[in-house]
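Okay, structure first, notes after.
There are 2 protein chains.
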Amino acid sequence: MPRTKTVKKTTSSKSAGRAAQSLPASSPVKVALLGFGTVGSSVAKVLATMKYSGLELTHIYNRDVERKRASTAAKVVPPTVQWTENIQDVLRSDVDIVVELMGGLDPAEGWLRKVLSSGKSVVTANKQLIAYRGAKLARVARQNHAQLLYGAAVAGGVPVIPGTQQGLGGDRITRLSGIVNGTCNYILSRMESGADYAEALADAQKLGYAEANPSSDVDGYDARAKLVILSRIALHAEIDPDEVSTQSISSISAIDFAYARELNCTIRQISRAQVEGSTVRARVAPMLVPKTSPMAWSHGTQNMVVTSGEFGGDVVFSGHGAGGHPTAVAVVSDILAVAQRCHAVELPVRRRTVTSEVVAPHYLRFVVHDQPGIIMGIAGALARVGINIDSILQHAGHPKNRLPFVVTVEPCLNTTLEKALRAIAKMDFILEKPVSLQILAPDEKDE
Amino acid sequence: MPRTKTVKKTTSSKSAGRAAQSLPASSPVKVALLGFGTVGSSVAKVLATMKYSGLELTHIYNRDVERKRASTAAKVVPPTVQWTENIQDVLRSDVDIVVELMGGLDPAEGWLRKVLSSGKSVVTANKQLIAYRGAKLARVARQNHAQLLYGAAVAGGVPVIPGTQQGLGGDRITRLSGIVNGTCNYILSRMESGADYAEALADAQKLGYAEANPSSDVDGYDARAKLVILSRIALHAEIDPDEVSTQSISSISAIDFAYARELNCTIRQISRAQVEGSTVRARVAPMLVPKTSPMAWSHGTQNMVVTSGEFGGDVVFSGHGAGGHPTAVAVVSDILAVAQRCHAVELPVRRRTVTSEVVAPHYLRFVVHDQPGIIMGIAGALARVGINIDSILQHAGHPKNRLPFVVTVEPCLNTTLEKALRAIAKMDFILEKPVSLQILAPDEKDE
Numbered sequence: 002m003p004r005t006k007t008v009k010k011t012t013s014s015k016s017a018g019r020a021a022q023s024l025p026a027s028s029p030v031k032v033a034l035l036g037f038g039t040v041g042s043s044v045a046k047v048l049a050t051m052k053y054s055g056l057e058l059t060h061i062y063n064r065d066v067e068r069k070r071a072s073t074a075a076k077v078v079p080p081t082v083q084w085t086e087n088i089q090d091v092l093r094s095d096v097d098i099v100v101e102l103m104g105g106l107d108p109a110e111g112w113l114r115k116v117l118s119s120g121k122s123v124v125t126a127n128k129q130l131i132a133y134r135g136a137k138l139a140r141v142a143r144q145n146h147a148q149l150l151y152g153a154a155v156a157g158g159v160p161v162i163p164g165t166q167q168g169l170g171g172d173r174i175t176r177l178s179g180i181v182n183g184t185c186n187y188i189l190s191r192m193e194s195g196a197d198y199a200e201a202l203a204d205a206q207k208l209g210y211a212e213a214n215p216s217s218d219v220d221g222y223d224a225r226a227k228l229v230i231l232s233r234i235a236l237h238a239e240i241d242p243d244e245v246s247t248q249s250i251s252s253i254s255a256i257d258f259a260y261a262r263e264l265n266c267t268i269r270q271i272s273r274a275q276v277e278g279s280t281v282r283a284r285v286a287p288m289l290v291p292k293t294s295p296m297a298w299s300h301g302t303q304n305m306v307v308t309s310g311e312f313g314g315d316v317v318f319s320g321h322g323a324g325g326h327p328t329a330v331a332v333v334s335d336i337l338a339v340a341q342r343c344h345a346v347e348l349p350v351r352r353r354t355v356t357s358e359v360v361a362p363h364y365l366r367f368v369v370h371d372q373p374g375i376i377m378g379i380a381g382a383l384a385r386v387g388i389n390i391d392s393i394l395q396h397a398g399h400p401k402n403r404l405p406f407v408v409t410v411e412p413c414l415n416t417t418l419e420k421a422l423r424a425i426a427k428m429d430f431i432l433e434k435p436v437s438l439q440i441l442a443p444d445e446k447d448e
Numbered sequence: 002m003p004r005t006k007t008v009k010k011t012t013s014s015k016s017a018g019r020a021a022q023s024l025p026a027s028s029p030v031k032v033a034l035l036g037f038g039t040v041g042s043s044v045a046k047v048l049a050t051m052k053y054s055g056l057e058l059t060h061i062y063n064r065d066v067e068r069k070r071a072s073t074a075a076k077v078v079p080p081t082v083q084w085t086e087n088i089q090d091v092l093r094s095d096v097d098i099v100v101e102l103m104g105g106l107d108p109a110e111g112w113l114r115k116v117l118s119s120g121k122s123v124v125t126a127n128k129q130l131i132a133y134r135g136a137k138l139a140r141v142a143r144q145n146h147a148q149l150l151y152g153a154a155v156a157g158g159v160p161v162i163p164g165t166q167q168g169l170g171g172d173r174i175t176r177l178s179g180i181v182n183g184t185c186n187y188i189l190s191r192m193e194s195g196a197d198y199a200e201a202l203a204d205a206q207k208l209g210y211a212e213a214n215p216s217s218d219v220d221g222y223d224a225r226a227k228l229v230i231l232s233r234i235a236l237h238a239e240i241d242p243d244e245v246s247t248q249s250i251s252s253i254s255a256i257d258f259a260y261a262r263e264l265n266c267t268i269r270q271i272s273r274a275q276v277e278g279s280t281v282r283a284r285v286a287p288m289l290v291p292k293t294s295p296m297a298w299s300h301g302t303q304n305m306v307v308t309s310g311e312f313g314g315d316v317v318f319s320g321h322g323a324g325g326h327p328t329a330v331a332v333v334s335d336i337l338a339v340a341q342r343c344h345a346v347e348l349p350v351r352r353r354t355v356t357s358e359v360v361a362p363h364y365l366r367f368v369v370h371d372q373p374g375i376i377m378g379i380a381g382a383l384a385r386v387g388i389n390i391d392s393i394l395q396h397a398g399h400p401k402n403r404l405p406f407v408v409t410v411e412p413c414l415n416t417t418l419e420k421a422l423r424a425i426a427k428m429d430f431i432l433e434k435p436v437s438l439q440i441l442a443p444d445e446k447d448e
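Chains A and B supply the protein sequences, listed in that same order.
Adding 1 to a residue's 1-based position in the first sequence gives its number in my numbering.
Adding 1 to a residue's 1-based position in the second sequence gives its number in my numbering.
Right, dumping it as structure tokens:
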């Protein structure tokens with residue numbers, strides 16, 4: 002029982018202090034990697050470079066494993082490692098820690114359940130699995146005195162999860178806002194610099210930031226999984242990913258950045274969750290972000306998370322949210338934590354219902370066929386649901402038969418606004434589905 | 002032996018998982034506060050508000066304790082707490098955790114040594130003590146199976162220490178740069194907005210950010226202590242605070258901000274440490290920071306730390322670095338970690354020598370009595386030591402008999418530059434000691 006051995010090492014009264022420094026070389030903590038792709042090979046590279054005493058990479062599982070074994074990335078892997086495409090070789094082994102880097106719910110869930118049930122600990126970067134099944138897997142881990150760590154599942158190399166768990170347990174965090182999808186941030190930053198959506202997406206695909214089917218990123222499902230995980234860690238709220246509404250960035254066009262600039266804003270895919278009583282107000286959507294907000298600092302594939310606490314105020318974490326090496330940093334940090342038997346501060350987590358309703362100012366962009374009565378039509382529809390217009394913006398130089406036209410409205414309930422937009426969408430001068438974006442307040446306070 | 006009891010709670014095989022959730026109310030972890038000033042009363046407030054199960058505030062020590070006990074801040078303190086001005090009441094008690102918020106080396110060091118020797122754990126916000134004596138106290142803690150946590154000693158409510166320990170152990174951090182003194186950042190931000198030094202300092206004193214004698218803040222000693230602590234945590238380098246050179250911000254004047262703006266920079270007190278072999282390049286000084294650098298984002302009393310890792314790149318932590326409530330968040334987070342027996346990932350720390358030598362571009366500001374030959378004199382002194390001038394800046398509108406005059410130089414060794422500046426300072430047209438500020442590179446990479 003290797004796990005029991007590990008427990009003894011760090012808690013026997015004689016060696017408690019020393020054990021934490023470096024584990025005795027005579028009984029190394031054994032690590033198996035499931036998946037030898039970009040992150041897996043980076044983890045092997047970091048372990049080979051850092052040479053932590055008392056840690057030993059013993060197994061690498063991958064489908065078509067011989068191809069992986071022959072790759073250049075495999076050169077850093079110690080010759081003693083067992084390469085396998087049979088998961089049973091790992092499940093039946095005496096490894097202490099299984100590092101899962103395959104992604105997806107199946108077969109990862111079943112395998113990790115078996116791993117945890119046998120008392121082995123798990124380190125994973127699998128955000129969908131942790132968002133949907135994290136609470137259940139954590140229960141299995143607890144029942145079997147194993148650890149389940151997933152610092153790499155959110156914001157890659159940015160230590161939001163450990164920083165929040167260990168450093169903000171003394172606060173009551175009421176809101177978190179994040180830029181947690183590097184692909185969207187890359188696309189939107191490129192558009193901020195003048196590219197159009199199709200061009201920016203194509204470049205992201207060429208650079209390996211976006212998949213051939215980019216839906217998971219641009220439509221917000223990737224960010225949503227991360228928001229759900231962060232809500233658990235920071236808000237101590239367990240929420241159902243499927244209840245969190247998402248809005249795609251694919252409807253944003255270059256013209257929106259031009260108008261956003263005029264409002265001293267930029268546009269970012271923002272993931273937000275806010276506790277209100279037993280409800281969590283949560284959504285993932287492209288939003289107008291004031292240039293003075295920390296959220297506007299984040300460029301390219303960078304990630305950023307801002308937690309807002311009752312006592313400590315806003316705390317910002319930012320850095321590289323994706324890529325093999327940054328993600329490997331999070332994975333290896335978690336391996337060290339398991340190996341040194343460092344468990345995280347845990348506070349009670351409660352199941353919460355989700356609402357996507359929000360009262361906020363909004364940016365509305367219409368594409369119209371210019372004709373008399375447009376302002377009256379739009380203003381009328383908004384007035385009928387009690388929404389006040391804040392400003393009307395219209396740049397010169399667009400064709401009359403395809404005119405972008407922007408209205409900003411004072412804080413209103415988004416569901417009420419959507420009702421008005423449905424009415425407006427039916428008006429005969431409207432050529433495209435109107436785009437509606439929440440505008441973040443400069444101090445992010447008055448939502 | 003209350004500590005042994007705590008060990009059992011989190012490691013006995015039956016209750017390991019549950020214990021981490023909330024400690025059993027039947028055997029609360031007892032907490033004593035040393036110091037009931039701004040931070041101490043905020044800690045009491047947070048504990049009273051959050052009502053963590055299994056934690057009990059049992060003692061408050063302060064000189065002239067009756068005055069504290071009668072204060073409004075004391076109203077949140079449970080009636081069961083023993084208020085005392087006799088430290089023996091705490092030392093001889095059965096408390097599990099002593100929270101030290103008095104500051105200074107003496108008597109804190111002796112008392113905490115006794116606390117740790119008796120197997121009680123310590124949570125402290127005392128940066129000078131931890132910078133100068135942290136390694137020794139940690140040894141005493143280890144020998145007695147106690148914990149010593151000091152997340153509040155650096156950057157208040159910003160979880161740089163736990164985030165780095167738990168989340169970046171998998172990286173090799175080679176450099177850290179920080180804005181870790183809120184008073185200096187407040188003064189310099191005010192000057193950026195047009196205030197002069199004396200006015201900004203007076204305001205900082207009025208607001209309680211700066212002491213009557215502001216030397217510890219403005220001359221860099223406070224930041225230096227924090228830099229030494231961060232070097233231990235992030236660079237795994239133990240360095241002597243007295244070996245780290247400091248440069249005061251008191252020589253910065255409004256005119257420097259005007260010229261900095263022209264160079265698309267601002268001025269911040271920066272604390273930097275960089276590992277090079279067995280040496281750490283470390284200093285605390287006001288520096289020119291490009292407006293595009295994360296360091297320029299930090300305004301007012303905000304703190305910011307950027308770690309640069311070989312694998313994960315730059316990670317930014319920022320937030321409120323001072324004040325009762327944010328500091329209390331760090332203190333209470335550490336209390337929870339001790340109570341739940343969460344120890345930090347520890348990696349070997351090595352004693353390192355310090356150098357303050359740096360090769361970097363510099364900003365030089367002279368105040369001269371205008372006369373022929375000034376540029377020749379200054380350029381000649383720089384040329385004699387092999388330093389190239391990058392630009393010469395001179396704004397109109399200053400009196401000829403007291404003319405500020407700025408030169409920027411290409412990357413050069415600071416000690417060589419100082420030699421040239423000593424020669425220049427003796428020239429008859431020089432009216433004030435020249436000001437020399439390192440210029441940070443936009444990407445912070447080419448130092």
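All C-beta atoms in this analysis are idealised placements derived from N, C-alpha and C, irrespective of residue type, glycine included.
message = Between which two residues does the alpha helix (DSSP H) holding A:V66 run?
response = From DSSP, the alpha helix (DSSP H) with A:V66 extends over V66 to R70.
task = Can you grab the Cα-Cα spacing for the pair A:V407 / A:Y364, in whole Å?
result = 7 Å
query = Is the CB-CB distance between B:V123 and B:L117 below 8 Å?
reply = yes
key: Stretch-stretch touch, CB-based, cutoff 8 Å, three pairs: the region 164 to 180 of chain A with the region 269 to 287 of chain A   = yes
request  = Mind the definition here: the region 158 to 174 of chain A touches the region 306 to 320 of chain A only if three or more C-beta pairs lie below 8 Å; say whether that holds.
outcome  = yes
inquiry  = Does the region 76 to 88 of chain A come into contact with the region 38 to 51 of chain A, if we say contact requires no fewer than three beta-carbon pairs (one atom in each stretch) closer than 8 Å?
reply    = yes
ask   = Can a CB atom of chain A be found closer than 8 Å to the CB of B:S319?
value = yes
query = Alpha carbon to alpha carbon, what distance is there between A:S190 and B:E193?
reply = 28 Å
message = Taking 8 Å as the threshold (beta carbon to beta carbon), is A:F312 in contact with chain B?
response = Interface residue (Cβ-Cβ distance to chain B less than 8 Å): A:F312 is classified as such.
Test item: CB-CB of A:V316 and A:Q167 under 8 Å = no
ask   = Going along chain C, which residues have a C-beta under 8 Å from B:C343?
value = Any reference to chain C falls outside this structure, whose protein chains are A and B.
query = Which of the three DSSP states, helix, strand or coil, is assigned to A:V47?
reply = helix
query = B:M377: buried (16+ other C-beta within 10 angstroms of its C-beta) or exposed?
reply = exposed
ask   = Does DSSP classify A:I379 as helix, strand or coil?
value = helix
inquiry  = Quick check on DSSP: helix, strand or coil for A:W298?
reply    = Here A:W298 sits in coil by DSSP.
ask   = Helix, strand or coil: how does DSSP classify B:R173 here?
value = coil
query = Contact between the region 357 to 376 of chain B and the region 425 to 442 of chain B: three or more CB pairs below 8 Å?
reply = Result yes; three or more Cβ-Cβ pairs closer than 8 Å.
message = I believe B:A156 touches B:V306 by the beta-carbon criterion, under 8 Å. Please report the beta-carbon distance rounded to the nearest angstrom.
response = 6 Å
request  = Using 10 angstroms around the beta-carbon of A:P295, count the other beta-carbons present and answer buried if the total reaches 16, otherwise exposed.
outcome  = buried
key: Burial state of B:P349, where buried means 16 or more other Cβ atoms lie within 10 Å   = exposed
key: chain A contact residues for B:L208, given Cβ-Cβ distances below 8 Å   = Here the premise fails: no neighbours, minimum Cβ distance about 16 Å.
Contacts that B:R173 makes with chain A (C-beta to C-beta distance below 8 Å) = Per Cβ cutoff of 8 Å: T50 and M51.
ask   = Under a three-way DSSP split, which group does A:S232 fall into?
value = helix
query = Which residue from A:V360, A:A136, A:G158 and A:S119 puts its Cα closest to that of A:N145?
reply = A:S119
query = Whose C-beta lies closer than 8 Å to the C-beta of B:T280 among residues of the same chain, with five residues either side of it excluded?
reply = Hits under 8 Å: R353, T354, V355 and T356.
task = May I ask you to report which of helix, strand or coil DSSP gives B:Y198?
result = helix
query = Are the region 56 to 64 of chain B and the region 82 to 100 of chain B touching by the rule of at least three beta carbon pairs closer than 8 Å?
reply = A contact between stretches requires three or more CB pairs, one per stretch, nearer than 8 Å, and the region 56 to 64 of chain B meets this requirement with the region 82 to 100 of chain B.
query = Counting only runs that start and end within the region 231 to 266 of chain A, where is the alpha helix (DSSP H) found for 4 or more residues in a row?
reply = 255 to 263
Option in B:A136, B:T328 and B:E57 with minimal Cα separation from B:I98 = B:E57
ask   = What residue from B:A421, B:A361, B:S252 and B:L48 has the CA that sits closest to B:Y1's CA?
value = What is shown of chain B runs 2 to 448, which leaves residue 1 of chain B out entirely.
inquiry  = By the DSSP assignment, the beta strand (DSSP E) with A:P362 in it spans what residues?
reply    = V360 to V369
ask   = By a C-beta neighbour count over all protein chains shown, 10 Å radius and 16 as the cutoff for buried, is B:D257 buried or exposed?
value = buried
request  = Please report how far the alpha carbon of A:S94 lies from the alpha carbon of B:Y53, in whole angstroms.
outcome  = 40 Å
query = Which term fits A:N265, buried or exposed, when burial requires 16 or more other beta carbons within 10 angstroms of its beta carbon?
reply = exposed
request  = Taking A:G221 and A:Q270 to be in contact with their CB atoms under 8 Å, please state how far apart those CB atoms are, rounded to whole angstroms.
outcome  = 7 Å
key: Exposure of A:L228, with buried meaning 16 or more beta-carbon neighbours within 10 Å   = buried
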